[in-house]
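Notes to accompany the following structure.
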Amino acid sequence: MSAADVLAALFALASEEKAVVYRRFFRTEPGQYGEGDRFLGVTVPQVRAVEKLFRRELTLGDVQALLAHDFHEARQCALIHLVARYSKADPAGKETIFQLYLGSTDRINNWDLVDVSAPGIVGAHLHGKDPSRLFALASSPLLWDRRIAVIATQFFIRKGHLDTTYALCGRLLGDRQDLIHKACGWMLREAGRKDENRLRAFLDAHAAAMPRVELRYALEKQPPEVRAHYLGLR
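By the count of the working numbering, the sequence shown reaches residue 237 at its end, each step adding exactly one.
Given below as C-alpha cells:
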C-alpha cells in the first residue's frame, strides 16, 4: 500500500457535484484565501474512512506525497493520519511528526485543514513547554501559520491552561484576516467555558477594539444581556 493507493481510493469516491459546492465554500476564486485549491468532492467521513483503511501501511514518505498533492482531500487525509500517528508515537516519533508538520504549513492551506490537525499535533506537542514557537507562528506573514498558532491552543484549553490563548488573541487583535478574527473568537469562547470571569475581563479590556466578528464568536455562549453589553462597546 502507498500514497498512490490512497489517492485511488479517494478518486473512486469523487463527486463533481460536491466539488463545485466545496470550491465555493472554501473560497477558491482568484484573490480569495483558498485560491486555486482543487477538490474531488469527497466528504470528511469518507476521507476518514479511507485513512483508517490504509493507516497501518502508510509511511511518512507517503504522507509527504499526499501533503504535496493538488487535491484538498489528499492533504486532508494526510493530516488526519498524522494526528492519529502522533497520538500513538514515542517521543522521538512525535518530534519527527511535529517537525514534518511545521515544515509543511504551506500545504496546510485552508481553515479546515488547520482545524483538524493543529490541536492534536502542535497543541499536543507544545503543551507544558515553552510556547515561543506559537508566538513565532503568530508573527508569520502566512495566514495559515497564524491560524495554526491560535487553533493549536484548543489543546491547552481542554487541559484548563488559558494563558497562551489570551496572550495570542491579544497579540492578534490587529490582524487583518477574517479567518484569524474567527479563530481567535472561537478560542476565546472555548476559554470562556473554562473560566467565564477571565473571558469577561479580557473583553472589558479589549472589546471596544476587537473586530466585530471576533467579538460575536467570543460571545456566542454568553447570556443575551452580556452579548448586548459588549457589542454595544463597538
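Idealized CB from N, CA, C, for every residue including glycine.
Heavy atom of the ligand FAD within 6 Å of residue i beta-carbon
i: alanine 121; result: Ligands displayed in this structure: none; no statement on the ligand FAD is therefore possible.
Beta-carbon proximity of residue i to residue j, cut-off 7 Å
i: valine 86; j: serine 120; result: yes
i: histidine 84; j: leucine 116; result: no
i: alanine 81; j: leucine 43; result: no
i: tyrosine 233; j: arginine 192; result: no
i: methionine 190; j: threonine 167; result: no
i: alanine 127; j: phenylalanine 158; result: yes
i: histidine 70; j: arginine 78; result: Per the sequence shown, residue 70 should be read as leucine rather than histidine. Contact flag set, yes.
i: arginine 215; j: arginine 237; result: yes
i: leucine 140; j: isoleucine 124; result: no
i: cysteine 187; j: leucine 206; result: no
i: alanine 155; j: proline 122; result: yes
Cα-Cα separation between residue i and residue j, rounded to whole angstroms
i: arginine 196; j: serine 5; result: 42 Å
i: valine 153; j: lysine 21; result: 29 Å
i: leucine 218; j: alanine 15; result: 42 Å
i: histidine 75; j: alanine 211; result: 38 Å
i: proline 227; j: arginine 136; result: 37 Å
i: threonine 46; j: lysine 185; result: 23 Å
i: arginine 51; j: glycine 235; result: 43 Å
i: tyrosine 89; j: alanine 231; result: 42 Å
i: valine 23; j: asparagine 200; result: 44 Å
i: glycine 131; j: phenylalanine 138; result: 15 Å
i: arginine 26; j: aspartate 73; result: 13 Å
Cut-off 7 Å between Cβ atoms - residues of its own chain near residue i, not counting five sequence neighbours on either side
i: tryptophan 147; result: Thr108, Ile111, Asn112 and Val117
i: proline 134; result: Thr167
i: arginine 30; result: Tyr36 and Gly37
i: serine 143; result: Arg149
i: isoleucine 100; result: Leu85, Arg88, Tyr89, Ala92 and Ile124
Cβ neighbour criterion (16 or more within 10 Å) applied to residue i
i: glycine 39; result: exposed
i: phenylalanine 1; result: Residue 1 lies beyond the stretch modelled for the chain, which goes from 4 to 237, so this question has no answer here.
i: arginine 161; result: exposed
i: alanine 204; result: exposed
i: aspartate 181; result: exposed
i: alanine 95; result: exposed
i: proline 48; result: exposed
i: alanine 7; result: exposed
i: leucine 129; result: buried
Residues of its chain near residue i, where Cβ-Cβ distance is below 8 Å and the 5 sequence neighbours each way are ignored
i: alanine 12; result: Val53, Leu56 and Phe57
Same chain only: Cβ atoms within 6 Å of residue i, ignoring 5 sequence neighbours per side
i: proline 33; result: none
i: glutamate 98; result: none
C-beta neighbour in chain B for residue i, strict 7 Å
i: arginine 26; result: In the displayed structure, chain B is absent; only one protein chain is listed.
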